[in-house]
Structures are given as C-alpha cells and as structure tokens.
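> Positions -18 to 241 (the numbering used here) are the ones given, in order, by the sequence shown.
Below are the structure tokens for one structure; questions will follow.
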Amino acid sequence: MRKSEEVYEALAALGRRAATRAVHRGWRWIQDAGAVTAERPGRTRFRRIGPGTRLAFPQGTVFGEPWIELGDHCVVAEQVTLTAGLVPGLDLGPEPYVVIGDGVVLGRGSHVIADTAVTIGRDTYCGPYVYITTTNHSYDDPHTAVGKQWPRIAPVVIGPGCWLGTGAVVLPGAVLGRNVVVAAGSVVRGDVPDHAVVAGAPARIVRRYDEQEGWQPPLRTPAPPVPFQRDGADSADSTDSTDPAVAEEGSGSGSVSADG
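Right, here's the structure in full:
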C-alpha cells in the first residue's frame, strides 16, 4: 500500500510541475500576443507608434489614441495608462496631446493623463508607478465637494534624458529641463532647470551641475569606471547620468514648487 502511495505522490508532483510549466508557457504566449506594436496595433489606433516600440500586455486604461504619438524603440510596461482628453470619444482637434520621444521607458503601472499637451523628451526613463498629469483638482468653493469642482489644467514638458524614480508625481504646468533626476516619491510642479536633482514633496533642488564647478554639492559616489561619451548638441548629455541615490541629500538650495 505504501508503494502505491509513493507512486501516486510522484505522479501528482509530475502533474503539478507539468501544469505549472504549461501555465507559464501559456501566459508568455498571451503576453506576446497581447502586446501592442506598430505591426500589431490590435484595437488601438494611435496617431503614431514608432518601429521597435512595444506596449506590454496587459495594458492599462488607454483612450484618445488618435492624439497620442509614441516614438521609436519605446518601452511601455504592463498596466500603463495613456489617455488624451477628459473622457473617451472627444474630438480634440488636429494637434497631438501626448508626444513621447524615441527611447522613452514608462515603468509598470505608470500614468500619463493628458487633458492638454504632454511632451516627454527622448531617452527619458520612468520607474514604476510614475504619475504625469495635466489636470489637478481645484478648491475654490469650500462648500462644494472637491471632486465636483472644475479642475485646473496646464501642459507638462519633460526634457530629454530625464530619470523619474518610482512613484514620482509630475503636476500640471511642470517643465523639466534636460537630464533631470526626480527622486522616488517626489511631487514636482513649476520649472526645473537642466542637470538638476530634485527630491521631496514639493520637490526641491538638492544637487545641480555647474559647468565651471561641477556637481554642487559634490558627488559622494565614485566616478563610473568607463567614461561616458557626450552626444551632439541636440541629444541628452550622457555625462550627466547621475545615480538617483544622490537625491537622498535634502539640504540643497532652490525650489521647484510654486508653493515654495
């Protein structure tokens, strides 16, 4: 009797392993079949999807695609929301609302909410759950539910070569310069100059690069083992690939908040 139980347990274990492998193979097939590319747009009708760009499956909420442009070789991870317009089905006119440059990465669960123009420069990397929005609630009437008051809307511009850490929030009207680092969990509004590291809520400059003096305050991390090569004048400066960990210093000067 014991021998037959051992045989049964061995067969059951083999069956579970086979089922696990089958589920994983099936899910990989589903992910590949459900991904959106220029060659396989599925139900989406984006204004443009560049070659090499891929929206992973499952996608988040996507609407207003005729007003969304995706550049070449972008990576859009699972559950990313891309919307143009306050609600689906609106005619937003002849111009795009969302323009995403070449080589942009949008991490898992990120949101780009565009009720007016959003521009994300090329080679900008966003970690998971980054939230970029042109719309914020207003609070003009203290006696009316906040959600029923007409929102404030302003365009957002994110320059090339930026790095937005996990959970960063970019609010309406924000303008980020070239090669800006936004620390994880930061809330950014207003203007951020080129080559700055910002952190906090509201985000403030904690480090900035100066052509004469270098990084101020000076970097505490060692230089990379292989020198980075500068691109041309129209590209993101690779030399400014700062470790986002330097944003832990909260004693920098300057503010990128309209409140601060």
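Idealized CB from N, CA, C, for every residue including glycine.
Pop quiz: Leu152 and Cys143 are said to be a contact at Cβ under 8 Å. What is the actual Cβ separation, rounded to whole angstroms?
Here residue 152 refers to the residue found at position 171 when the sequence shown is read from its first residue. Here residue 143 refers to the residue found at position 162 when the sequence shown is read from its first residue. Wrong, their Cβ atoms sit about 15 Å apart, outside the cutoff.
> What would DSSP say about Arg26, mapped onto helix, strand or coil?
For the purposes of this step, residue 26 is identified with residue 45 of the sequence shown, where counting begins at 1. Coil at Arg26, not helix or strand.
> The alpha helix (DSSP H) with Ala273 in it runs from where to where?
Because the chain spans -18 through 241 in this model, residue 273 falls outside it and cannot be assessed.
> Under the DSSP definition of a beta bridge, which residues are partnered with Ala149?
Looking up residue 149 in the sequence shown gives position 168. Answer by DSSP bridge pairing: none, since Ala149 is not bridged.
> So what's Glu267 in DSSP terms, helix, strand or just coil?
Because the chain spans -18 through 241 in this model, residue 267 falls outside it and cannot be assessed.
> Are the region 125 to 143 and the region 87 to 102 in contact at 8 Å, needing three or more beta carbon pairs?
yes
> Can you list, in chain order, the residues of its chain with a C-beta nearer than 8 Å to that of Ile11? Leave out the 5 residues immediately preceding and following it.
Indexing the sequence shown from 1 puts residue 11 at position 30. Excluding sequence neighbours, Ile11 sits near Phe38.
> Can you tell me where the beta strand (DSSP E) with Gly195 in it begins and where it stops?
Translated into positions along the sequence shown, residue 195 becomes position 214. Taken as a continuous stretch (DSSP letters only), the beta strand (DSSP E) holding Gly195 covers 195 to 197.
> Residue ranges of each beta strand (DSSP E) run of no fewer than 3 residues wholly in the region 96 to 174, ordered along the chain?
99 to 101, 112 to 114, 137 to 139
> Taking the alpha carbon of Gly31 as the reference point, which residue from Gly74, Thr105, Arg201, Gly82 has its own alpha carbon closest?
As a working note, residue 31 is residue 50 in the sequence shown. When C-alpha distances from Gly31 are compared across Gly74, Thr105, Arg201, Gly82, the shortest belongs to Gly82.
> What are the residues that DSSP puts in a beta bridge with Val178?
For the purposes of this step, residue 178 is identified with residue 197 of the sequence shown, where counting begins at 1. DSSP, once it has assigned bridges, lists Val162, Arg188 as partnering Val178.
> Tell me which residue opens and which closes the beta strand (DSSP E) that Thr64 is part of.
Numbered from 1 along the sequence shown, position 83 holds the residue referred to as residue 64. Element bounds for Thr64: 62 to 65.
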